[in-house]
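In our numbering, the protein residues as written are 1 to 425.
By construction, the Cβ of each residue, glycine as well, lies at the ideal position given by its N, Cα and C atoms.
Here the structure is laid out as C-alpha cells; the discussion comes afterwards.
See below:
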C-alpha cells in the first residue's frame with residue numbers, strides 16, 4: 001500500500017503561528033487532520049528577529065497540530081511576507097523550437113513547457129537581481145505567440161516566437177535563511193516557500209474573480225499583503241509593513257490597558273468607522289499592573305482605531321494606484337487577515353476606493369474536509385491557501401531542503417532543544 005501523502009501548512013505571522021497538517025487523498029481532496037496555533041515570538045513585521053524564540057513558538061504550534069493529527073508534520077509549506085519582499089514585472093522571449101504535433105508545414109513549431117521555461121529564464125536574465133536575494137516565484141501573466149497577444153495558456157499553439165510578461169517575486173536571503181534555521185533547529189525542513197498574498201488568494205478568490213479582476217488585501221498582525229488578479233493571472237503584489245498589531249498598540253496606549261486586553265477590545269467592541277459605534281454604550285477597560293479599571297464609550301474606542309486603519313487602507317490604495325489595474329477589478333475587493341474581523345472595515349475600504357464593492361475574504365474549503373469549522377475565519381486565509389498550494393505543487397522538488405530526517409532524528413532534535421531551553425537551577 002502506498003504511503004499517504006502528508007502536507008503541512010505553516011503560517012508564521014507576527015502575532016500568531018498556525019500549523020495545519022493534512023493528508024492528500026487519492027481522489028484529489030485534502031483532509032485536515034490536525035490544527036495547532038500558538039502566540040508568535042521573535043518576529044516583527046513578518047520577519048524573524050530572534051531565531052531561537054521563533055523556533056520555540058513554531059515548535060509549540062506544530063506539536064499541537066501533531067497531537068491532534070496523531071501523525072508527524074512533514075512536507076512543510078511556509079508563507080513568507082515582510083518589508084524585504086520585492087516584486088516586479090519583466091519581459092521574456094524564446095524561439096519556439098519543438099516540432100509540431102498538429103501540422104506538417106515547414107517552420108511550424110509547437111509551444112511546450114520547454115519554451116515556457118526558456119521565457120522565464122529570459123525574463124530573469126533581463127532583470128538586475130542582487131546576490132543577496134532569492135527568487136521565490138516566477139509567474140507568467142500572459143503570453144504572445146507571434147502576433148497573437150494576451151494568450152493565457154500557449155501550450156499547443158504553433159508559431160516561431162514566444163514572448164511573455166512575467167511577475168517575479170524575490171526575498172531577502174538573510175530572512176529566508178532565518179526561516180530555514182528556525183525550522184531546522186526543531187528537526188524540520190522547508191518543502192517550499194510561498195508568498196503570503198499568493199497563498200491567501202488561492203484560499204479566498206474563485207476562478208470568476210481571478211478572471212474578471214479582483215483585489216485581495218490580507219491585513220495580518222505585522223504586515224498588510226496585497227495581490228491583484230486579472231484574466232486568471234497575478235498582475236501585482238505588494239506588502240505594507242503595517243497591520244492589526246499597530247492598531248492594538250494604539251489602543252493599548254490610548255486606553256492604558258495591556259496589549260492582550262486591547263486586542264480583545266478591538267475585536268469585540270471596535271469599529272473602523274466611529275460613526276457606526278454606539279455612542280451611548282460604555283465599555284469597562286482593565287487597568288495595567290493593578291491600576292483600577294476605567295470606563296470608555298464605544299465611540300471613543302473606535303476613534304482611537306480609525307486613524308491607524310485609515311492609514312493602512314490609504315497606503316493600500318496608494319500601492320494599488322501604482323499597478324494601473326484598479327479600473328479592471330470588476331469583481332471588487334476582498335479583505336482577509338485578522339483585521340478583517342474589525343467591524344465596518346469593508347465600509348471604510350468602499351469609502352476610500354470610491355465605492356468599489358468590498359467583502360470579507362473567508363477561506364474556501366472546496367475539496368477540503370475534516371476540521372474546517374475553526375478555520376472558517378479570514379485570519380486563516382494564508383494557512384488554508386498554503387494547503388492548496390501544497391496539493392498543487394506537491395510533486396515538485398523542494399525549494400530548500402537539507403535532506404529528509406527520520407521521525408527519530410526529529411524527536412532527538414526536539415529533545416536536545418528542550419534541554420537547551422530549560423533551566424534546572
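Helix, strand or coil at residue i [DSSP, three-state]
{"i": "residue 123", "result": "helix"}
{"i": "residue 27", "result": "coil"}
{"i": "residue 171", "result": "strand"}
{"i": "residue 72", "result": "coil"}
{"i": "residue 77", "result": "strand"}
{"i": "residue 38", "result": "strand"}
{"i": "residue 275", "result": "helix"}
{"i": "residue 206", "result": "coil"}
{"i": "residue 11", "result": "strand"}
{"i": "residue 316", "result": "helix"}
{"i": "residue 307", "result": "helix"}
{"i": "residue 325", "result": "coil"}
{"i": "residue 401", "result": "Unreliable positioning characterises residue 401 in this predicted model, as indicated by a pLDDT of 41, which lies under 50. A coordinate reading is not provided."}
{"i": "residue 110", "result": "strand"}
{"i": "residue 61", "result": "helix"}
{"i": "residue 183", "result": "helix"}
{"i": "residue 45", "result": "coil"}
{"i": "residue 281", "result": "coil"}
With 16 other Cβ atoms within 10 Å as the buried cut-off, status of residue i
{"i": "residue 462", "result": "One cannot answer for residue 462 here, as it falls past the ends of the chain, which runs 1 to 425."}
{"i": "residue 353", "result": "buried"}
{"i": "residue 407", "result": "Any answer about residue 407 is weak, because its pLDDT of 48 lies below 50 and its placement is not dependable; what the coordinates show is given next. Flag for residue 407 reads exposed."}
{"i": "residue 349", "result": "buried"}
{"i": "residue 280", "result": "exposed"}
{"i": "residue 140", "result": "buried"}
{"i": "residue 204", "result": "buried"}
{"i": "residue 39", "result": "exposed"}
{"i": "residue 376", "result": "exposed"}
{"i": "residue 246", "result": "buried"}
{"i": "residue 197", "result": "buried"}
{"i": "residue 99", "result": "exposed"}
{"i": "residue 318", "result": "exposed"}
Contacts around residue i, its chain only, beta-carbon distance under 8 angstroms, and the 5 residues preceding and following it disregarded
{"i": "residue 53", "result": "41 and 42"}
{"i": "residue 291", "result": "256"}
{"i": "residue 283", "result": "265, 269, 295, 296, 297, 298 and 301"}
{"i": "residue 369", "result": "29, 30, 31 and 32"}
{"i": "residue 311", "result": "242"}
{"i": "residue 286", "result": "257, 258, 261 and 293"}
Chain-order list of residues whose beta-carbon lies under 6 angstroms from that of residue i (same chain, five-residue window excluded)
{"i": "residue 209", "result": "331"}
{"i": "residue 426", "result": "In the structure displayed, the chain extends from 1 to 425; residue 426 sits before or after that span and is not available."}
{"i": "residue 343", "result": "271"}
{"i": "residue 34", "result": "21, 65, 68 and 69"}
{"i": "residue 4", "result": "23"}
{"i": "residue 341", "result": "267"}
{"i": "residue 11", "result": "18, 79, 382 and 383"}
Test: residue i CB closer than 8 angstroms to a CB of chain B
{"i": "residue 129", "result": "Of the protein chains in this structure there is only one, and it is not chain B."}
Nonlocal neighbours in the same chain, by C-beta distance under 7 angstroms from residue i, ignoring five residues either side
{"i": "residue 380", "result": "18 and 363"}
{"i": "residue 316", "result": "217, 224, 226 and 240"}
{"i": "residue 431", "result": "The question about residue 431 has no answer, for the chain in this structure spans 1 to 425."}
{"i": "residue 326", "result": "320"}
(request) Ignoring anything shorter than 4 residues or poking outside the stretch 327 to 393, list the alpha helix (DSSP H) runs there in chain order. (result) 345 to 352 and 381 to 392
(request) Kindly provide the ranges of any alpha helix (DSSP H) runs that are 4 or more residues long and lie completely inside the stretch 198 to 271, ordered along the chain. (result) 207 to 212, 244 to 255 and 259 to 269
(message) Using a Cβ distance threshold of 8 angstroms, determine whether the stretch 227 to 243 contacts the stretch 119 to 130, with at least three qualifying pairs required.
(response) no
(request) Check whether the stretch 240 to 252 touches the stretch 179 to 192, taking contact to mean three or more Cβ pairs, one atom from each stretch, closer than 8 angstroms. (result) no
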